[in-house]
Amino acid sequence: MMVMEMRSLVAALLVLILGHFTSALEVPLDLPQPPSITQQSPKDHIVDPRENIVIYCEAKGKPHPSFSWTKDGTHFDVNEDPSVTMRPNSGTLEVDITRARPENFEGVFQCTARNKYGAAVSNKIVVRQSIALPFLRGLTEESPLWSKDKIKPIVVKEGVSLVLPCQPPAGLPPPIIFWMDNNFQKLPQSKRVSQSLNGDLYFSNVRREDSRSDYICYARFTHTQTIQQKQPITVKVLTMDEINDTMADYYNFTEMVLNEAPVDERKPTFLIPSGHSSSKMVLKGHVLEMECIAEGLPTPEVSWTKVSGDLPGSRTSFLHFNKTLQIVNVSESDAGDYRCSAKNQHGAAHHIISVVVKATPYWISGPPKNLVLAPGENGVLTCRANGIPKPSILWSINGDLIENSPKDISRKVEDDSIIFTQVRVESSAVYQCNISNPYGYLLSNAFVNVLSEPPRVLTPANKVYQVIENRPAFLECSSFGSPIPKIDWFKDRKSGILDGDDYILHDNGTLEIQVAQAQHKGKYTCVANNYLGISENHVYLDIKEPTRILKQPVDKVVQRGGSVLFQCIVKHDKDLHTTVTWLKDGEELLDDERFIVEFESLSITDISESDAGSYTCIVNNTLDHDSATAELSVVELTPPPAVVHGRPDPPTDLELTDHKKRSVQLTWIPGEEHNSPIQEFVIQYEDSLHRRGHWHDLARVPGTRTTAHLKLSPYVHYTFRVLARNAVGLSEPSSPSRMYKTDPAAPDQNPKGVHGSGTEHNNLVITWEPLTGLHSNGPGLRYKVSWRHKRPGTDWTTVTVANNSKFTVSGTPTFSPYEIKVQAVNDLGEGPEPAVVIGYSGEDLPTAAPANVQAVVLNSTLVELRWDPVPSHLIRGHIQGYKINYWRKHHKHNSDQMEQRILTFSGNQSRGMLPGLHPFSHYSFEVRVFNKKGDGPASKTQQFKTPEGEPGPPASLLVTNPSLDSLTLEWNPPREHNGHITGYTLRYQPGSTQTSHPVALAPHLPIHKVRPASPFANVSSSLEEDGALISWEYWGQEKNVYVEYIAENSEGEEEWQKELVNGSQNIKLKGLKVGHSYRVRVVAKGHHEQPLHSEELFVTVPAVSNRQVDIATQGWFIGLMCAIALLILILLIICFIQRNKGGKYPVKEKEDAHTDPEFQPMKDDDCTFVEYSDNEDHKPLKGSRTPSNGTVKREDSDDSLVDYGEGGDGQFNEDGSFIGQYSGKSSSRDNDEGPESAGAPSPLNAMNSLNSFV
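Heads up: the sequence shown begins at 399 in the numbering used here, then just goes up one per residue.
Rendered as structure tokens:
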């Protein structure tokens, strides 16, 4: 037996060593393959009982798989329940809740996708309602409702401790608790008053200022977006004197927390937790929260320590004024004893919390990968995971336990692995690995696909790779075949397989050229072959010259008022478009004509003190970049110098002391100052390990110091030098110090600039800024790239990338959000936990056109277009805007004219103005949405017609047959009729002549320029007591606008009176004479030769008449109205008394016939309350979300409580629910509840407070 076991072990090892298996191999979808689950609902699927239930199950395979479901372990027949449908070509279930009760679909669902090659199963999806809403479950004692009974006031003695219980209703997930007052303001909290994790409000000791009547606890249920409110709690804090005076008044109506003795100062004791010790269990990766709340006088200070070690600093937070200790991303090392201590001047209290860490199963090296094998090959499926306690492993095949399946001699199960030897075509199947412990499980599908397939190269043909000389080059050769093809590379004429020191062939077929040089340029051929065939692909490598700054800008010292020239002479590859950018102090140059930027130089004239700083020349192209920096110092104009100032001499005698792993102390001796004191020393370093010959600034110290403590990075070979600066400039560098080498370490930081976007509609390209050699901290720098679909329940997928700053994820859904993180790793370990960024897979063209497109004609040249925005999921990308394609179909006088124009509106608009139209014309238009990928389909073509407008000027004007007393005018119709021509207006004025004829015409009458059209319209007037108000519309460019007026019967020599207009479109003319008439016009004066006038307006100021007596001001009338109002008030009081006699009233009976939910829906976007009405018998929720077929309807009540209105007093129901719509509209209905209802200010005044707190 022992010999047989040894033989089995040896066979397994040989298979592991010699076996042929693939890692995450993607099979092209045109080839046969078993099913793979591509999308499923999360394991814990919480649904809103007011919405249709959707349970996702999507899979791929060839042929396309069929789907089936089980519920609670038994077959679930979709066809038997008319309320359940399965999407076409999908396993996703949809439950119409208008035809079924949501609680009937609570349970454990599991989906199976099957084709002839196998079956894949989903996770066990536990479907639960988010909350058992009363209007769905019925009103029972267990329903999650707060009591409606009014809470007795609490009277306490000043200085004692106090706990106000919240005890919120249960919800899934649990509700968020917060305390507010009647004005919806957050109750102030401090180390004395704070909220516990269970929502109760704790007072370490009470003070007089704690007395108030509006301690209100709110519970917000996030999944259903509802909020419920508890009845207000009244707290009265009394001193000993007040207790004696008010004991009788409070005895029958309050809850007394009093004793006769005065409250003295005391040492702390814990309110929670109780006792001297407690324990807590937390799962690995979850958040650990522990709290200690103490009472005492004065208020105790709470502190935390870990008994068996140190607190994890980067993951630890102290919340609620140090009363809560929070540790995120819990690991096994966080287990142990934690001590919370509460201290004041009278003593201390301590409590020990023992933390035990458990772990749900988690993958050690990721889930098992699909295997693609050729007949007769070997392979291994590995399912390796861990957990606390250690999980058990259960293997299944096509959804059935493997021990219950037919025996297969090519398959052997070895704990967490299945070993395949000499597989056959019929060995194709889907294997399930289920790893579980008491705290959870992992379920993964991995198929074994046995097929014979000749090679195919998947990399695009004739791809050109451009690489900078002396940089590494990577030529890709992605392929597929079964057996896995062997990849060989050839150059140019296939003289021989590329292999050797210059080339590295990676497992994925990529050819790496470590140092690409000119001789490597050319055509490369990738050949993939197996025994079934051969496939090849050609790519090209182009070597480009590096981009370098040959002549760097140098530091300059310039006197104020002078000029300076910085040069930046560049060498770059002529085929690469190269740009040169200048920065000042790391920012773009100011838009100043004194800065003259050319390709290789920057000149500055008339220099001032503000121009001093660092100027950087950046040379950039698509493959390479370089930069250089120079300092500009500005000094004052100096008189003829008596003393010669110069730059300081370089420092000398550099010495390194106080050697540490990440720091060293550098000392030096300053050089000669040359009559200008040294202002600072600049310390530079060279990293001979990563960038030999490049010096970088490390530190600056004042000129009075000759030593510096330098912080260093790991894995760097440092050489230091020092420069001195005075008012004249920098000295030459000192001689370098001796080399100082720091030890390698794990990375301290992760790459920045992590970004995810798609280049194709089905991929996600993840990019980042690679770490420099200085930040690598050690050898073997690489990056751990992780991503997952941004939806609950999805797992991270991780790959390791080296020598690259980009990774492409293929096969992604179009424009879907992904969570991405990139972590730096080297041979000594991993960097810190990276931040998660959101990226989107590639965009595709929008699939829908805007709906409800319409045009509103505003005038003859302007139309407003309106449409319904396209839903975001149909845009399939980042919306860029909407395009209006419009054309002038015809108009009456140019029916064959057709103009095509496009107007673009950026952003997510739903309307836009279409200006510059031709009057009296027919237009057609289409609207389409566009994203970065392109335009979506056009909407249905719509038409509109512009009304008539002002005609254009006559096309020509001729004067013929002039005589002493007459002449003939001839003209052609205007080119632009803009409507039906109804006539012409002839205007003329006499010219200045010296003859005695009334009108003198020259033989050739000059043609006068056409006067510009008036920019004024709708000039009107209205008379008021203190003058005439003149109003108008104006759209001209001229800024000088004024109003002129003159008496109607004025003599010709009288001038017009002017009133200037200060940017408005109305003015009041004062001082007009009573009984007179005036001519008024509006004038605009600007670049035109003559002012532009409006049409004249005639204004007549009537004579003053005797003022009539206003009856509303007479005493007898006021007295009569007061008497009537008093009688009405008496009648209302009598009616109110009669109505309240006899118990129930008709409206009450109506209310008893209907029930009402306790929960108040809340808007998703701003957390404000929508309209809600309530009474004791639960009327339907007004404004709540209902199914589309309207099965839940609103019923109005004649005696509904007053709605929230702006400036009005809102009301609370007996159970604390909000009443009224959270809007600015006020209600005109009266409140029939009487003075017993608790008042509250309008919620409109409290929206900002509530939103910021929730």
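Ideal placement from N, C-alpha and C gives every residue a C-beta, glycine not left out.
Problem set entry | Residue environment, T922, which counts as buried when at least 16 other CB atoms sit within 10 Å | Numbered from 1 along the sequence shown, position 524 holds the residue referred to as residue 922. A quick correction: the sequence has Tyr, not Thr, at residue 922. When all chains shown are included, Y922 counts as buried.
Problem set entry | First through last residue of the beta strand (DSSP E) which encompasses Y668 | Counting from 1 along the sequence shown, the entry for residue 668 is found at position 270. According to the sequence displayed, residue 668 carries Phe and not Tyr. Start and end: 664-670.
Exercise. If you check the beta carbons only, do V1220 and P1232 fall under 8 Å apart?
Worked result: Position 822 of the sequence shown, counted from the start, is the residue given in the question as residue 1220. Position 834 of the sequence shown, counted from the start, is the residue given in the question as residue 1232. Between V1220 and P1232, the gap from beta carbon to beta carbon is short of 8 Å.
Exercise. Along the chain, which unbroken stretches of the alpha helix (DSSP H) at least 4 residues long are found entirely within the segment 853-886?
Worked result: none
Problem set entry | Where the alpha helix (DSSP H) through S1270 begins and ends | In the sequence shown, the residue the question calls residue 1270 occupies position 872. Here the alpha helix (DSSP H) through S1270 covers 1270-1273.
Problem set entry | Between the CA atoms of L1490 and G1314 - distance to the nearest angstrom | Residue numbering aside, residue 1314 sits at position 916 when the sequence shown is read from its first letter. Residue numbering aside, residue 1490 sits at position 1092 when the sequence shown is read from its first letter. Here the alpha carbons of L1490 and G1314 stand approximately 22 Å from one another.
Exercise. Near G471, which residues of its chain fall below 6 Å by C-beta distance, leaving aside the five closest residues on each side in sequence?
Worked result: Reading the sequence shown from its first residue, position 73 is the one you call residue 471. None.
Exercise. Are at least three pairs of beta-carbons, each pair with one atom in the segment 1172-1183 and one in the segment 1106-1119, less than 8 Å apart?
Worked result: yes
For this session: Identify every residue that forms a DSSP beta bridge with I947.
Result: Within the sequence shown, residue 947 is the residue found at index 549, counting from 1. Answer by DSSP bridge pairing, in chain order: V968.
Exercise. Is there contact between the segment 689-698 and the segment 662-679, where contact requires at least three CB pairs shorter than 8 Å?
Worked result: yes
Exercise. Should V1183 be counted as a contact of the ligand FAD given a C-beta to heavy atom distance under 7 Å?
Worked result: The ligand content of the structure shown is nil, which means the ligand FAD is not present either.
Problem set entry | C-alpha distance - P630 paired with S528, whole-angstrom precision | Here residue 630 refers to the residue found at position 232 of the sequence shown. Here residue 528 refers to the residue found at position 130 of the sequence shown. Each residue's Cα considered, the two are about 27 Å apart.
Exercise. When burial is assigned at 16 or more other CB atoms within 10 Å of the CB, is T1014 buried or exposed?
Worked result: Taking the first residue of the sequence shown as position 1, residue 1014 is located at position 616. T1014 should be labelled buried.
Exercise. What is the DSSP secondary structure of E607, counted as helix, strand or coil?
Worked result: Working through the sequence shown from its first residue, we reach residue 607 at position 209. Correct three-state label for E607: helix.
Problem set entry | Cβ separation of T1302 and G1332, assumed to be a contact under 8 Å, to the nearest whole Å | Counted from its first residue, the sequence shown places residue 1302 at position 904. Counted from its first residue, the sequence shown places residue 1332 at position 934. Rounded, the Cβ-Cβ distance is 13 Å, inconsistent with contact.
Problem set entry | Buried or exposed (CB count within 10 angstroms, at least 16 for buried), H378 | Residue numbering for the chain in the displayed model covers 399 to 1652; residue 378 lies beyond these limits and cannot be assessed.
Problem set entry | Reduced DSSP category for M1137 - H, G, I as helix; E, B as strand; rest coil | On the sequence shown, residue 1137 is found 739 positions in, with the first residue counted as 1. Per DSSP, reduced to three states, the secondary structure at M1137 is coil, with no helix or strand assignment.
Problem set entry | Buried versus exposed call for Y1321 [16 or more other C-beta atoms within 10 Å across all chains shown] | Mapped onto the sequence shown, residue 1321 falls at position 923. Its Cβ being crowded by 16 or more others within 10 Å, Y1321 is buried.
Exercise. Which runs of the alpha helix (DSSP H), 4 residues or longer, sit entirely within the segment 1101-1138?
Worked result: none
Exercise. Would DSSP call I451 helix, strand or coil?
Worked result: In the sequence shown, the residue the question calls residue 451 occupies position 53. In this structure, I451 counts as strand in the three-state DSSP scheme.
Exercise. Is there contact between the segment 826-843 and the segment 876-892, where contact requires at least three CB pairs shorter than 8 Å?
Worked result: no
Exercise. From L1054 to Y600, what distance separates their C-alpha atoms?
Worked result: Within the sequence shown, residue 1054 is the residue found at index 656, counting from 1. Within the sequence shown, residue 600 is the residue found at index 202, counting from 1. Going from the Cα of L1054 to the Cα of Y600 covers about 58 Å.
Problem set entry | For V476, the three-state DSSP class (helix, strand or coil) | Start at 1 with the first residue of the sequence shown, and residue 476 comes out as number 78. Residue state, collapsed to three classes: helix.
Exercise. In terms of alpha-carbon separation, which member of W577, Q957, Y613, P563 lies closest to T632?
Worked result: As a position in the sequence shown, residue 632 is number 234, starting the count at 1. Here the closest residue by C-alpha is Y613.
Exercise. Which stretch, first to last residue, makes up the beta strand (DSSP E) that contains C1533?
Worked result: Residue 1533 sits at position 1135 when you count from the first residue of the sequence shown. Note, C1533: premise wrong, no beta strand (DSSP E); alpha helix (DSSP H) at 1513-1537.
Problem set entry | T1170 to R1089 span [Cα, whole Å] | Locating residue 1170 in the sequence shown gives position 772, where the first residue counts as 1. Locating residue 1089 in the sequence shown gives position 691, where the first residue counts as 1. Answer to the nearest angstrom: the Cα atoms are 10 Å apart.
Exercise. What separation, rounded to the nearest whole angstrom, lies between the Cα atoms of E1084 and D1095?
Worked result: Here residue 1084 corresponds to residue number 686 of the sequence shown, with the count starting at 1. Here residue 1095 corresponds to residue number 697 of the sequence shown, with the count starting at 1. Roughly 9 Å between the two C-alpha positions.
Exercise. Between D989 and D983, what straight-line distance do the alpha-carbon atoms span, to the nearest angstrom?
Worked result: Taking the first residue of the sequence shown as position 1, residue 989 is located at position 591. Taking the first residue of the sequence shown as position 1, residue 983 is located at position 585. Answer to the nearest angstrom: the Cα atoms are 15 Å apart.
Problem set entry | Opposing strand residues paired with K942 [DSSP bridges] | Working through the sequence shown from its first residue, we reach residue 942 at position 544. I866.
For this session: Excluding the 5 residues preceding and the 5 following A457 in the sequence, name in chain order all residues of the same chain whose CB lies nearer than 7 Å to its CB.
Result: Residue numbering aside, residue 457 sits at position 59 when the sequence shown is read from its first letter. Excluding sequence neighbours, A457 sits near P433, S434, I435, T436, P463, G489, A511, A518.
Problem set entry | Anticipated Cβ contact below 8 Å, R1373 with G1350, distance rounded | Position 975 of the sequence shown, counted from the start, is the residue given in the question as residue 1373. Position 952 of the sequence shown, counted from the start, is the residue given in the question as residue 1350. Correct: roughly 6 Å between the Cβ atoms.
Exercise. Within 10 angstroms of its Cβ, does D1424 collect 16 or more other Cβ (buried), or is it exposed?
Worked result: The residue labelled residue 1424 in the question sits at position 1026 within the sequence shown. Classification of D1424: exposed, given that the 10 Å Cβ count is below 16.
Problem set entry | Candidates M578, G1461, D1047: closest to P1131 by CA position | Reading the sequence shown from its first residue, position 733 is the one you call residue 1131. The shortest Cα separation from P1131 among M578, G1461, D1047 belongs to D1047.
Problem set entry | C-beta atoms of P1267 and P1244 nearer than 8 Å | Stepping through the sequence shown from its first residue, residue 1267 is reached at position 869. Stepping through the sequence shown from its first residue, residue 1244 is reached at position 846. Taking 8 Å as the Cβ cut-off, P1267 and P1244 do not qualify as a contacting pair.
Exercise. In terms of residues, what are the limits of the beta strand (DSSP E) holding L1421?
Worked result: Translated into positions along the sequence shown, residue 1421 becomes position 1023. 1414-1422 is the extent of the beta strand (DSSP E) around L1421.
For this session: Take every Cβ of the segment 577-584, pair it with every Cβ of the segment 701-712, and state whether three or more of those distances are shorter than 8 Å.
Result: no
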